[in-house]
Every structure is written in C-alpha cells, then in structure tokens.
RNA sequence: GGAGAAAUGGCAGAGUGGUCGAAUGCGGCAGUCUUGAAAACUGUUGAGGGUCACACCUCCGGGGGUUCGAAUCCCUCUUUCUCCGCCA
C-alpha cells in the first residue's frame, strides 16, 4: 500500500510510472488526495470536539469534588451536545477512512525506474541467459510422459484422492523431490539464511499485510469454518513474522528461508500449458525473504538473483532471467526478475523463480519499520524470491536429463538422492 | 471439548471510576565522575494522528456498551496459563 504522503509529494511521477503498468492513475490519485484532505479536516474537527468534552469532564470532576453539584449538572447538559456531534463526526471519519483505504488497496506498487513498459509477458526484457540446451535423442518425451513411464509421479491417483492439480510423487520421484528441497535449503543456509518451518494456514490480517487480500482473494483456498487461508507461498507467513515490528540498526540484515507446500486455486486455468507439473494446486517451494534498509534493498535483490543463478548452474539447467515489464509485474512489486528454465521436450521456458523487491509497499501494510541511529523511523524494504519452486525444476530435470538409459540425476543431487539414475 | 485464572510501556510489575499515558524496578540513551571502563549519581526514554512548531486527539489484548468521565464497571471475541477430557 502506498503512503498518502508519498502520493501527495510525487503524484506526477507516480502517474507517469503507473503508465508502464497501463494503470491510469490520475483520477484515483486525485480521489485519494481529496479523501485524505477531508479525512484530516474531519479528524481535526473531531479532535476539537473531544478536547472540549475532555475539558468539561475534568471540570465536572472538580465540581463534584467541591460539592457544587448544581454547576456540574449544567455542564453535563453541555457535554450531551458535544457527545452527539463527536459521534456524528467519528462516524463520518470512519466512512471517509474506509473509502480511502478501499481506494488505496486497489493501487498497485509503483514500478521501479528500470521496469520496462509493456502489456504482457511478451514485453519482458531478457537480461541474462546461461547454460546449454541439450540436444535430446529421438523419441524424447515431455515430463508427464516420463513420469508415467518411470512411475515416479501419479496424476491419476491425485485426481482420485483430491482432484486435478494434486499429483502424487512416488518412489524415486518422491525421493528426488525431497533431495531438491534439502539441496535448496542447504544452499540457503550456506548463504546465511535462517531456516524456518512455518504455519501453512494464515489469518486474514497476514493476507492483507503481504497483499494477497483483499484483491486476490480468489487465489487462496479459504477455510471458512475458521476463517483461515491456505498459504499460496511461504512469503505470506514468513514476511508476516515481522508484522508490527520496530527494528533497530542491529537487526539487519534479516534473511530467512523456509520450505513449504503452496496452495493455489488457479481458478480459470486450463489447457495444454497447465499439463503435468506446469501448473498445480499444490506444489512445493523453498522461499527466501529479506528485510532490508531502503538503501540496501537493491543490492540485496542482486544478491538473491546471484544466489539463484548459483543453484541453476549447480543443477546444470539452461535458464534465462527476465526483467518483468510493467504489465506483467505483480501488484505488490516494484521490480521483479523471473527465472525460467528451458524445458527441452516441451520446447518452452518454464518459470521457476520470481524475485522481487516490494520496497515499502508491504512494509506499510505490515507496519514494519526501523529506527535509525538518530531515532528517526522509516519503513523497511521487503524482498522475496523462490529458490526454487519445485515442480517446474523437476520438469526441467526430467526432460533435460532424459537419455535412452533413463533419467540421469544432476551430480550435486546424487549424495542426497542416493541414486544417480531413474530407470 | 469442559472448568477456572489472566492479558498494562523493550521487559518485569503497580494501578479497580476523575490531576493516569500510566507508580516503581530493570533495560536503553545522554551527562557527571574516571587515563579508560565498570560502579555510583543526575537527567532522559512508548506508539499513531495532527501542526512550520506548539496546542490538541487516539491507544492499557481486539470489538461493543454504561458514564459528564473507563486501564479500572458490563457484554463479546481472541490469546495465554492451570486442571480435566481427547489425541499425533
């Protein structure tokens, strides 16, 4: 959520920046500013009324003490009127505040200056590419065929037990999956990230703070009985660990990692592009979260990008990095880099990580600030990134490492899987 | 799930209708002393809104109510603790 004070100071700059998102902001920003105007004037009217009423109450107290009950009675009548008007004013204030918040909730983050304009994924900017695309033997298969051939992932069983999008990993498939999780967590630990095991259900306040609610409500599974949401990403519980905190200089840097399953309704998704592991309702992911001082956040973002590069090099997977254009940029993000692995048998790029700097957008909702040496308070910057999302990495490995003799296991994983080939 | 107790500032802990935004202790910060540090002493020290700055307003787990006036009384929700039940 943007800060009104920043909107006031940077309106024109924001309007221009929002154009990169194809978001026509002028009207809404003007509405925000005028609502804020009336919020403040109503607030100060209310304050004055309350001040008067407080003063009278004090006087009444004194009069009772000195036994002048008649005088007190007269003042009491006065307060009745004040009470009435303060009630009206506070109702008005609530209405205005609710309207203002509702508007603010619909405004996405301001794209970073480096974000290219664009309408969709076609306009994302490729900034890096590495790794060799293997030449596969005749008759190579997409991963869902391989999964069936080697009996390592069973989509049908998942359909029976739950429904589409909930695959069952089996035998070496399950072990490979577990090895990947361990491997990713080990890499994060080596890089200094603190590991967490997190709740998989979160409350509404958490969903709002990281920006999943109220706008993207339909993306999360909602447990209505208890009013809890299944996490769509570990970002939600991990970032919310720091909700309502006042940090100090010595708390930085804050770097966290954790493995969780992720649950996404993906309403409306179907077709060839969602086949197999390409798009699931439940999938595994290792996530990185960082909380940084504003002046360090972009350096931290680069650090995360490098971390993920290192993993993909280790796995010897061909990948590229995209700087998302305004049209493809997530609602809460100021700058996002997507990592894509080339899926040889499908002949397409699969997104396996998304690394973002949210600047103060989440911190404002989180009420997450820090106090600098001089005692001044600032919102922090929050960042997160997948390192990595499992299913598509698995798809990439299965497809790129297939040989007529079976699927070879990337070298770095062998100590963790205990086998070097699926056949 | 049942019964009881509790929730106050960074922490501990007073406060049970009016000079309480809140005693006191610890911690933090600044100073005195000291070659330096510790100790001791002195001062200072919650958050949000508002203002050029003050004033002023709000916040004692959340929400609602009683009252001229609520940390304090009432209702409700949440959380924690103790006991019982159930259970991986």
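Residue numbers (full-length UniProt numbering): 1 to 423.
Every residue gets a Cβ at the ideal spot worked out from N, C-alpha and C, and that includes glycine.
All of these numbers come straight from a predicted model, not from anything done at the bench.
CA-to-CA, the gap between residue 81 and residue 251 works out to about 50 Å. DSSP places residue 126 inside the beta strand (DSSP E), whose first and last residues are 125 to 130. Inclusion of residue 395 and residue 315 in the CB contact set at 7 Å is not warranted, their separation being larger than that value. Judged by DSSP in its simplified three-state form, residue 373 adopts coil rather than helix or strand. For residue 143, the enclosing alpha helix (DSSP H) has its first and last residue at 143 to 149. A direct Cα-Cα distance of roughly 48 Å separates residue 373 from residue 63. DSSP places residue 402 within a strand segment (E or B) once states are collapsed to three. The beta-carbon distance between residue 417 and residue 175, rounded to whole angstroms, is 6 Å. This is short enough to meet the 8 Å contact definition. Secondary structure note for residue 45: its alpha helix (DSSP H) is the uninterrupted segment 26 to 65. Distance from the CA atom of residue 180 to the CA atom of residue 408, rounded to whole angstroms, is 14 Å.
Given a length threshold of 3 residues, each whole run of the beta strand (DSSP E) inside the stretch 274 to 317 is given here in chain order: 282 to 292.
DSSP lists no beta-bridge partner residue for residue 1.
Taken through DSSP and simplified to helix, strand or coil, residue 391 comes out as helix. Collapsing the DSSP output to three states places residue 22 in coil. With at least 16 other beta carbons inside 10 angstroms of its own, residue 108 counts as buried. By the C-beta density criterion, residue 362 is buried, having at least 16 other C-beta atoms within 10 angstroms. Here residue 129 has 320 as same chain residues with Cβ atoms under 7 Å from its own Cβ, once five neighbours each way along the sequence are excluded.
Take residue 116, set aside five residues on each side of it, and the residues of its chain with a beta-carbon closer than 6 Å to its own are 125, 325, in chain order. For residue 266 and residue 280, the gap between their C-alpha atoms comes out near 8 Å. With the rule of 3 Cβ pairs closer than 8 Å, the stretch 96 to 110 counts as touching the stretch 27 to 44.
Under the 10 Å beta carbon count, residue 74 is surrounded by fewer than 16 other beta carbons and is classified as exposed. In this structure the stretch 294 to 310 does not touch the stretch 232 to 239; the number of beta carbon pairs closer than 8 Å is below three.
Taking C-beta atoms as the reference points, residue 120 and residue 385 fail to come closer than 7 Å. In the DSSP annotation of this structure, residue 419 is not part of any beta strand (DSSP E), being labelled neither H nor E.
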